[in-house]
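Written out below as structure tokens is the structure these notes cover.
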Amino acid sequence: MEDVLGAFRAAADLSRLRILCLLAAAELTVSELVSILGQSQPRVSRHLKVLLDAGLLVRFREGSWVFHRLNAQGQAKKLLQLVPANDQVHLQDLERLEDIEAKRAEIAERYFAKYAPEWDRLRQLDVDEEQVANTVQDMLPLLNTQKLLDLGTGTGRMLQVLGPAAGEVVGVDRSHEMLAVARSNITRWGLDNCRLHQADILALPITSGSFDAVVLHQVLHFIKRPWLAIAEAERVLNMGGRLLIVDLAPHHMEDLRDVHAHNRLGFADEEVSEWLADQGFSCETIKHLSGGNRPDGLKVTIWLAKRAAPKMII
């Protein structure tokens, strides 16, 4: 009871309720909240402290950036169910949030257009590409009757690795420049079973339950809300289908964010596993690959998860 009362006391302020609603939509820094709310940084920081002390938020650091998100184990989500979806203040806040994210998307698009021809080299970043490819093939063996979807296909590297063993293969990417490189590659590789589509991987024009396997290879760290990509993968997978995620382990290479448009500096096992469970997956295997001989080299983590059967309602 005390936890519930404490949550209500903490949220009993318009600004703090606005912050909770925004953090339900995205993970944000103090400066981003300042921009959206139109309040001073000290004031926003005080509101955040109240919400943190009440257990409604989680604060986490990535290099020099500090993000805030809703505490999935707290009372925040229950409180937000009381907020009308058409509340005008909240809708205005979401419009400002969209403006911030649109600017970030423009930066990312310019980056992808500039670096598409050398994308494969940039994506290696001290990690042995062949080691990753061999591990992916071992973890996700495919049959020629199965359909594979590669989200954020980039230059098509996962199509090259997994495509020959699968039946129908589809690569999706938002960047026209990336797809131009991928199209050239799949022709060169002789992958007649591959098709490419330009689309947003968070809103796929694909029928639900239509694929046997989905791959997210070095994609999540570019996405502001990575769990939405996992949710969309779950939607397009058939029952028992598998999702393979390849991404960076937590690191402190700030230049990847500043120069190469990374939104996140890697992911911990527990974080991705929680997202998978929330979206209806059972995590089957987690493997870690070292990032070369340098002590500060990047490391790669691979998660293999199965779309679980729906819960039985009795």
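Numbering follows the numbering used here, with no gaps: position 299 of the sequence shown is 304. Glycine included, C-beta positions come from ideal geometry on N, C-alpha and C.
How big is the Cα-Cα spacing for residue i and residue j?
| i | j | result |
| --- | --- | --- |
| residue 26 | residue 85 | 7 Å |
| residue 66 | residue 256 | 11 Å |
| residue 179 | residue 9 | 43 Å |
| residue 211 | residue 241 | 7 Å |
| residue 100 | residue 267 | 23 Å |
| residue 306 | residue 136 | 12 Å |
| residue 185 | residue 200 | 12 Å |
| residue 323 | residue 273 | Because the chain is modelled from 6 through 319, residue 323 falls outside the range shown and cannot be assessed. |
| residue 78 | residue 285 | 17 Å |
| residue 145 | residue 259 | 32 Å |
| residue 270 | residue 133 | 19 Å |
| residue 37 | residue 246 | 38 Å |
| residue 4 | residue 206 | Outside the shown range of the chain (6 to 319) lies residue 4, about which nothing can therefore be said. |
| residue 97 | residue 168 | 45 Å |
| residue 53 | residue 158 | 38 Å |
| residue 316 | residue 190 | For residue 316, the predicted model reports a pLDDT of 46, less than 50, meaning its position is unreliable and no value from the coordinates is stated. |
| residue 115 | residue 209 | 22 Å |
| residue 103 | residue 94 | 14 Å |
| residue 313 | residue 44 | 44 Å |
| residue 311 | residue 76 | 25 Å |
| residue 111 | residue 204 | 16 Å |
Name the DSSP bridge partner or partners of residue i?
| i | result |
| --- | --- |
| residue 178 | 203 |
| residue 218 | 153, 247 |
| residue 311 | 247, 287 |
| residue 63 | 74 |
| residue 242 | 216 |
| residue 33 | 73 |
| residue 252 | 306 |
If residue i sits next to residue j, beta carbons under 8 Å apart, how far is it from one beta carbon to the other, in whole angstroms?
| i | j | result |
| --- | --- | --- |
| residue 222 | residue 254 | Actually they do not touch by this definition, with Cβ atoms about 15 Å apart. |
| residue 228 | residue 234 | 6 Å |
| residue 220 | residue 261 | Between residue 261 and residue 220 the Cβ distance is about 21 Å, and since that is not below 8 Å, they are no contact. |
| residue 46 | residue 55 | About 15 Å; that fails the 8 Å criterion. |
| residue 147 | residue 170 | 4 Å |
| residue 88 | residue 22 | 7 Å |
With a threshold of 8 Å, are at least 3 pairs of Cβ atoms found where one atom belongs to the stretch 67-81 and the other to the stretch 31-47?
yes
Is there contact between the stretch 196-208 and the stretch 163-175, where contact requires at least three CB pairs shorter than 8 Å?
yes
Unbroken stretches of the beta strand (DSSP E), 3 residues or longer, contained in the stretch 267-305:
286-294
Where are the alpha helix (DSSP H) runs, 4 residues long or more, that stay fully inside the stretch 65-97, in chain order?
81-85
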